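Engineer: Sequential numbering from 66 applies to the sequence shown in the numbering used here.
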Amino acid sequence: MQRADSVLRWLGAVGITLAPLGIFVLPTLINPETHETAEEQFRAIAEGSTNGYPAQLMQIAGAVFFMAAVLGIGGYTIARGRGRTLGAIGLITGMVGAISLLVVLGFELALLIVLIDTPDTDAAVNLVAATYDGPEFITLLLVGLGGFFLTLPILGLALWRSRVVPIIVPLLFALPLLVNLVPLPASVSSTIPSLLLLVPCVWMAVQLIRDVPGGVRPIATATAPPAAQKDEVDT
């Protein structure tokens with residue numbers, strides 16, 4: 066039981082840290098350019114002026130790590146008892162979101178290959194733009210992103226109910242949404258919310274591994290046992 070508890074904690078800690086890194090932070094740093102329209106972005110990819118493949122593969126890896134985080138934290142809170150309901154809800158919404166993201170990202174990777182390998186750039190851009198505007202793609206994308214942003218605070222609340230993190234941690238997930246309401250320069254408009262999203266995720270990860278054997282532990286203050294203290298007084 067103790068071993069399973071440690072595995073779930075480490076799985077959740079690693080997943081909750083690397084998921085936002087792979088899906089949002091690193092791709093934004095790799096491709097900091099902003100485009101006014103989707104067609105401009107597709108044309109830039111087709112002409113090879115952006116690093117399409119690395120960013121896309123990082124997002125796919127991030128979706129896999131998100132699934133790991135959901136399984137780890139959801140499974141841990143369900144097994145622990147406290148926060149079981151929130152953990153189960155987060156497990157369901159997270160798995161739906163992760164699977165939707167993987168389908169969308171796999172589809173995007175296929176379209177990326179079409180953009181790069183098709184000699185006729187205009188035809189490839191028009192085909193990809195029409196596909197992106199399709200209701201099926203938009204629905205899957207909304208389900209994936211909605212599941213991601215809904216699941217993170219739910220898992221944070223589940224860990225709070227399990228007395229693993231303070232209440233401030235799930236509340237911090239509101240920061241990226243609030244920052245999006247503030248006008249920011251285009252160069253940092255996506256980077257800053259992504260970094261703010263990472264803060265509560267890393268906090269959750271650190272708290273998860275604090276009590277795992279071999280994990281981060283607080284430095285204990287050496288104090289003498291009461292009996293020893295009494296002997297010293299008597300001496």
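Using N, Cα and C, we set each Cβ at its ideal position, and we do this for glycine too. Only a predicted model underlies this, so the values are computations on that prediction, with no experimental measurement involved.
CB C110 to CB L180, shorter than 8 Å?
Structural biologist: Counting from 1 along the sequence shown, the entry for residue 110 is found at position 45. Counting from 1 along the sequence shown, the entry for residue 180 is found at position 115. Here the sequence assigns Ile to residue 110, which means Cys is not the residue at that position. The Cβ atoms of I110 and L180 lie closer than 8 Å to each other.
Engineer: Considering only residues of the same chain and omitting the five flanking positions on each side of G148, which have a CB-CB separation below 8 Å?
Structural biologist: As a position in the sequence shown, residue 148 is number 83, starting the count at 1. If we look at G148 and ignore the five residues flanking it on each side, its Cβ neighbours are T142, L222, A223, L224, W225, R226, S227.
Engineer: Under 8 Å between the Cβ atoms of F131 and I88?
Structural biologist: Locating residue 131 in the sequence shown gives position 66, counting from the first residue. Locating residue 88 in the sequence shown gives position 23, counting from the first residue. Against a cut-off of 8 Å, the Cβ pair of I88 and F131 comes out as a contact.
Engineer: Are G77 and L236 close, meaning C-beta to C-beta below 8 Å?
Structural biologist: Counted from its first residue, the sequence shown places residue 77 at position 12. Counted from its first residue, the sequence shown places residue 236 at position 171. Taking 8 Å as the Cβ cut-off, G77 and L236 do not qualify as a contacting pair.
Engineer: Consult DSSP for D33 and reduce its assignment to one of helix, strand or coil.
Structural biologist: The structure shown does not extend to residue 33, since the chain spans only 66 to 300, so no value can be given for it.
Engineer: I121 and L174 look like a contact to me (Cβ under 8 Å); what is the Cβ gap, rounded to whole Å?
Structural biologist: The residue labelled residue 121 in the question sits at position 56 within the sequence shown. The residue labelled residue 174 in the question sits at position 109 within the sequence shown. The sequence shown places Gln at residue 121, rather than the Ile named in the question. That belief holds up - the Cβ atoms of Q121 and L174 are roughly 5 Å apart, short of 8 Å.
Engineer: DSSP three-state call for G155: helix, strand or coil?
Structural biologist: One-based indexing of the sequence shown puts residue 155 at position 90. DSSP places G155 in helix when its eight states are reduced to three.
Engineer: Does L249 come out as helix, strand or coil in the three-state DSSP assignment?
Structural biologist: Reading the sequence shown from its first residue, position 184 is the one you call residue 249. Here L249 sits in coil by DSSP.
Engineer: Which term fits R108, buried or exposed, when burial requires 16 or more other beta carbons within 10 angstroms of its beta carbon?
Structural biologist: Within the sequence shown, the letter at position 43 stands for residue 108. Looking at its Cβ environment, which holds 16 or more other Cβ atoms inside 10 Å, R108 is buried.
Engineer: Between the alpha carbons of Y197 and I203, how many angstroms are there, rounded?
Structural biologist: The sequence position of residue 197 within the sequence shown is 132, counting from 1. The sequence position of residue 203 within the sequence shown is 138, counting from 1. Each residue's alpha carbon lies about 7 Å from the other.
Engineer: Give every residue of the same chain whose Cβ lies closer than 7 Å to the Cβ of I219, excluding the five residues on either side of it in the sequence, and list them in chain order.
Structural biologist: Translated into the one-based positions of the sequence shown, residue 219 becomes position 154. Around I219: L151, I154, G155, T158.
Engineer: Contact check, I62 vs V267 under 8 Å by CB: the rounded distance?
Structural biologist: Outside the displayed span of the chain (66 to 300) sits residue 62, for which this structure offers no information.
Engineer: Evaluate I138 with the Cβ neighbour count: other Cβ atoms within 10 Å of its Cβ, from every protein chain shown; 16 or more gives buried, anything less gives exposed.
Structural biologist: Along the sequence shown, read from residue 1 onward, the residue named residue 138 stands at position 73. It is buried - the Cβ of I138 has at least 16 other Cβ atoms within 10 Å.
Engineer: What number of angstroms, rounded off, separates the C-alpha of P85 from the C-alpha of P184?
Structural biologist: Numbered from 1 along the sequence shown, position 20 holds the residue referred to as residue 85. Numbered from 1 along the sequence shown, position 119 holds the residue referred to as residue 184. Cα to Cα, P85 sits roughly 34 Å from P184.
Engineer: Give the secondary structure of S71 by DSSP, where H, G and I count as helix, E and B as strand, and everything else as coil.
Structural biologist: Here residue 71 refers to the residue found at position 6 of the sequence shown. In the structure shown, S71 sits in a helix (DSSP, three-state: H, G or I).
Engineer: What does a CB cutoff of less than 7 Å around I284 pick up in its chain, not counting 5 residues either side in sequence?
Structural biologist: Walking along the sequence shown from the start, residue 284 turns up at place 219. At I284 the pLDDT is 39, less than 50, meaning the model places this residue with poor confidence; the figure from the coordinates comes in the next sentence. If we look at I284 and ignore the five residues flanking it on each side, it has no Cβ neighbours.
Engineer: V90 and S259 look like a contact to me (Cβ under 8 Å); what is the Cβ gap, rounded to whole Å?
Structural biologist: Here residue 90 is taken as the residue at index 25 of the sequence shown, counted from 1. Here residue 259 is taken as the residue at index 194 of the sequence shown, counted from 1. Their Cβ separation, rounded to whole angstroms, is 5 Å, which keeps V90 and S259 in contact under 8 Å.
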